[in-house]
Every structure is written in structure tokens, then in C-alpha cells.
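Residue numbers (our numbering), protein chains in the order written: chain A, 6 to 122; chain B, -10 to 103.
Glycine residues also receive a C-beta, built at the ideal position from the N, C-alpha and C atoms.
A quick write-up on the structure given underneath.
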Amino acid sequence: GAVVSQHPSRVICKSGTSVKIECRSLDFQATTMFWYRQFPKKSLMLMATSNEGSKATYEQGVEKDKFLINHASLTLSTLTVTSAHPEDSSFYICSARVSARPSYEQYFGPGTRLTVT
Amino acid sequence: DAKTTQPPSMDCAEGRAANLPCNHSTISGNEYVYWYRQIHSQGPQYIIHGLKNNETNEMASLIITEDRKSSTLILPHATLRDTAVYYCIVRVASSGGSNYKLTFGKGTLLTVNP
Chain A
6 GAVVSQHPSR VICKSGTSVK IECRSLDFQA TTMFWYRQFP KKSLMLMATS NEGSKATYEQ
66 GVEKDKFLIN HASLTLSTLT VTSAHPEDSS FYICSARVSA RPSYEQYFGP GTRLTVT
Chain B
-10 DAKTTQPPSM DCAEGRAANL PCNHSTISGN EYVYWYRQIH SQGPQYIIHG LKNNETNEMA
50 SLIITEDRKS STLILPHATL RDTAVYYCIV RVASSGGSNY KLTFGKGTLL TVNP
């Protein structure tokens, strides 16, 4: 299957700082990538949809100025959590959709555990 | 709105087949059934998908009823490493529109016991 990587896998930052998370599709091109957030014992919640070369589409209630998404190439999308606060601590997961396949299945990265102190 | 219904939890003995049900009574003709699983503290893993025919791959089999209102994911010989939350999701296979997103429900926690 298609492989999606994320970096870093874990990050601890101080309140008020910004953190960048990278998502890469390793063996396929992804015109569309997705960013999810997952709190403990909860299901994944879609934050935004990222299309290569255009602005991301954010889900209702997600602050676009706080969660900056850039999808500058067909294999890389980044999520920057700006001015992070403890309530932003969560498990962030990216996903990439295989555009070349008719059923458009998605593959997920391993996730990034963010802890804001 | 939830489009699928799954039992919150199931148990299975190691080596036995695990049959995970999913109801999707409002599924549309152009919607696929996707199955993913999430092992604790990892990203979701794609398992299988289907439209109306039964499907099989190296991980599992997907049985879709003739009316497409329900399906069953079958892990033929469950191992301890199959313990995970399994998500059944219905979605159209298209390049755009608001209904192309994968929306995760609560899934089924499958526990494989030794």
C-alpha cells in the first residue's frame, strides 16, 4: 500500500511557541491531503483539507490563522500550530488521498503527538 | 450525521475468525464502504473497501449484502496484533465536493484474547 510519513512523531513545546508538522506521501503523488486531530479516547476529527497549490479548506470551528496549512508540492503538506497553548495538545494525523485510483482511498501517517507545556 | 452503525466492542479468541458488522442502511448507490483500523497511538490503517461485490485482500474479506445496507469485515485468523478500533466508513469516490471526506465514527474496539 501507499506510505505516508509524518515528522516529528513527538514534540513538546512551550506555550506561545509555534510548531510545524510535516506530512509526506513517499511513493505516490497526493493532490489532496487531510489533517485530523484526535483527543484521548476520542475518534479522529477532520480539521482541514489541503489541496496542492491552493488554500486549505477548514472545517467549521477550526481557526485557520492558528492552524496554518501549506501544500506546496504533490508529496508534502505542513501543519503549523501557531502560538500553541496547552489545549492544543493532541494527536495530529495527516492523510493523503491516492488521486490516481478510481476509488480515491486514503492512507494515513503515523501521527504526531504534540504536548504544549 | 452518523452514516454507519457499529457495535462499540467485540471480543475474539486468537486464531479464530473475527466478524465485524456494520450497518449503513442509508448508503447511496455511488458510495463505497471503507474499512480502517487504528491500533493504539498509531495512525489509521487502510484495510479494504468495496462497492457492491465481496472483496478479499491479504488482510481481510469484506462481505456486502445484496441490498448494500450492511457489511461484515472478516479477519480470518485473528492475532493479538489485530487488537484495534475498526472503523466502517461510507463515502463517495469522487475528487471533490463536501461528501468526499472520510468521517470517522466511534468504531468497534476489537480485543483479541489469547
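Proximity to Ser100 of chain A across B:Met48, B:Gly96, B:Gln31, B:Glu44 peaks at B:Gln31, based on C-alpha coordinates. A straight-line Cα-Cα distance of about 39 Å links Leu9 of chain B and Lys71 of chain A. Contacts with chain B (Cβ-Cβ distance below 7 Å) from the segment 9 to 41 of chain A involve no residue at all.
Note that the C-beta distance between Gln43 of chain A and Thr117 of chain A is not below 8 Å.
By the Cβ criterion, the segment 9 to 23 of chain B is not in contact with the segment 81 to 101 of chain A, since fewer than three pairs of Cβ atoms, one from each stretch, lie closer than 8 Å. Secondary structure remark: continuous alpha helix (DSSP H) runs of at least 4 residues inside the segment 30 to 61 of chain B: none found. In the displayed model, Glu64 of chain A falls within coil according to three-state DSSP, outside both helix and strand. In terms of beta-carbon proximity, Leu91 of chain B lines the interface with chain A, with at least one pair separated by less than 8 Å.
Here DSSP, grouped into helix, strand and coil, assigns Glu92 of chain A to helix. Distance from the Cα of Cys18 of chain A is smallest, within the candidate group A:Ala7, A:Thr85, A:Leu73, A:Glu68, for A:Thr85. In summary, Ile28 of chain B is exposed, with fewer than 16 beta-carbon neighbours lying within 10 Å of its beta-carbon over all protein chains present. Counting every other CB atom within 10 Å of its CB across the protein chains shown gives Arg102 of chain A a total of 16 or more, marking it as buried.
With contacts defined as CB atoms closer than 8 Å, Ala49 of chain B and Val101 of chain B fail to qualify as a contacting pair. Straight across, the Cα-Cα distance linking Ser30 of chain A with Tyr112 of chain A is about 9 Å. Scanning chain B for C-beta atoms nearer than 7 Å to the C-beta of Tyr112 of chain A yields Tyr35, reported in chain order.
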